[in-house]
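Residues in the sequence shown are numbered consecutively from 1263, following the numbering used here. The beta carbon of each residue, even a glycine, is placed where N, CA and C say it ideally should be. Note that the structure is predicted; figures quoted are calculated from it, not measured.
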Amino acid sequence: MDIDISTLMSVLFPAGTMLLLLILFFGALLHINNLYKVLNMMDDLQHKDIEINDGSNNNLKDSLDEDSKGGYKALLFKEMTVPQGMNFTALALSSWIMFFVALAYLYLLVPTVLPFSYMSLGELASSDFGFAIFGLAVAILFASIILFLDKLPEDYREFKLTELYSFYSLSKRIKRMIGMTVVALCISIILSAHIGTIYPARSMSAELFSLMILLASAFILFLPVYKEAWEAGR
1263 MDIDISTLMS VLFPAGTMLL LLILFFGALL HINNLYKVLN MMDDLQHKDI EINDGSNNNL
1323 KDSLDEDSKG GYKALLFKEM TVPQGMNFTA LALSSWIMFF VALAYLYLLV PTVLPFSYMS
1383 LGELASSDFG FAIFGLAVAI LFASIILFLD KLPEDYREFK LTELYSFYSL SKRIKRMIGM
1443 TVVALCISII LSAHIGTIYP ARSMSAELFS LMILLASAFI LFLPVYKEAW EAGR
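Written out as structure tokens, the structure is:
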């Protein structure tokens, strides 16, 4: 029996979208869970150390007494930090911003998935630089959100995207993979721009390929988190 490509697409695209949401949701959830597992372990060790030394570790004891829910948590976060270098941090943040831009291009450029889209902005959609302005606006929006989260107090570092990789030991291979997502996401954006250019016609293969790139990129960006959770659970 012949399989209608449009019927197949109507199943694969929603399934891929759901998988993408799950990757992002569980990635964020596992990241927080990973941090608190280590925090609890360190907290137990620090308290045992104080008991063994009979209070001789005055600096740590003062930290515990001063603010057990704030300053002490920030102190433990500081001890957990693994410096990754400014170049990699900048590249990783670029990857995340590109991911959100690619996400917006695929789902918000044309109203094939959601009822509202870039195409409903008549003046912008008819502009020669409309796509570029849209992408730049999304990039600025998410960069602003990332910078806002970065201003949170130190004891809320689990919510800072700028700190995501600071709590994991990354191999050069994983760093290269994260860096390469920038190139892959550029391809996804180009495919989505093509979809916007030919609208109201559709290119289901372009939509699916763009989504596959987003899926792979999301998994790679959260790979250190999933890897840590997997190793801790073995």
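If you draw a straight line from the alpha carbon of Ile1436 to that of Gly1384, how long is it in whole angstroms? When only Cα atoms are considered, Ile1436 and Gly1384 end up about 42 Å apart.
Determine the closest residue to Leu1398 out of Ile1440, Ser1428, Phe1287 and Tyr1367, with distance taken between C-alpha atoms. Tyr1367
In chain order, what residues of the same chain have a beta carbon less than 8 Å from the beta carbon of Leu1423, not counting five sequence neighbours either side? Leu1355, Trp1358, Ile1408, Leu1411 and Asp1412
In angstroms with no decimal places, state the Cα-to-Cα distance between Tyr1298 and Asp1390. In a straight line, the C-alpha of Tyr1298 is about 49 Å away from that of Asp1390.
Report the rounded CA-to-CA distance for Pro1415 versus Met1342, giving the unit in angstroms. 16 Å
In this structure, does DSSP put Tyr1298 in helix, strand or coil? In the structure shown, Tyr1298 sits in a helix (DSSP, three-state: H, G or I).
Using three-state DSSP, classify Lys1437 as helix, strand or coil. helix
Thinking C-beta only, is Ile1294 closer than 8 Å to Phe1481? The Cβ atoms of Phe1481 and Ile1294 do not sit closer than 8 Å to each other.
What number of angstroms, rounded off, separates the C-alpha of Phe1275 from the C-alpha of Met1474? 9 Å
Between the alpha carbons of Leu1432 and Thr1443, how many angstroms are there, rounded? 16 Å
If you count every other CB in all the chains shown that lies within 10 Å of the CB of Pro1486, and 16 or more means buried, which is it? buried
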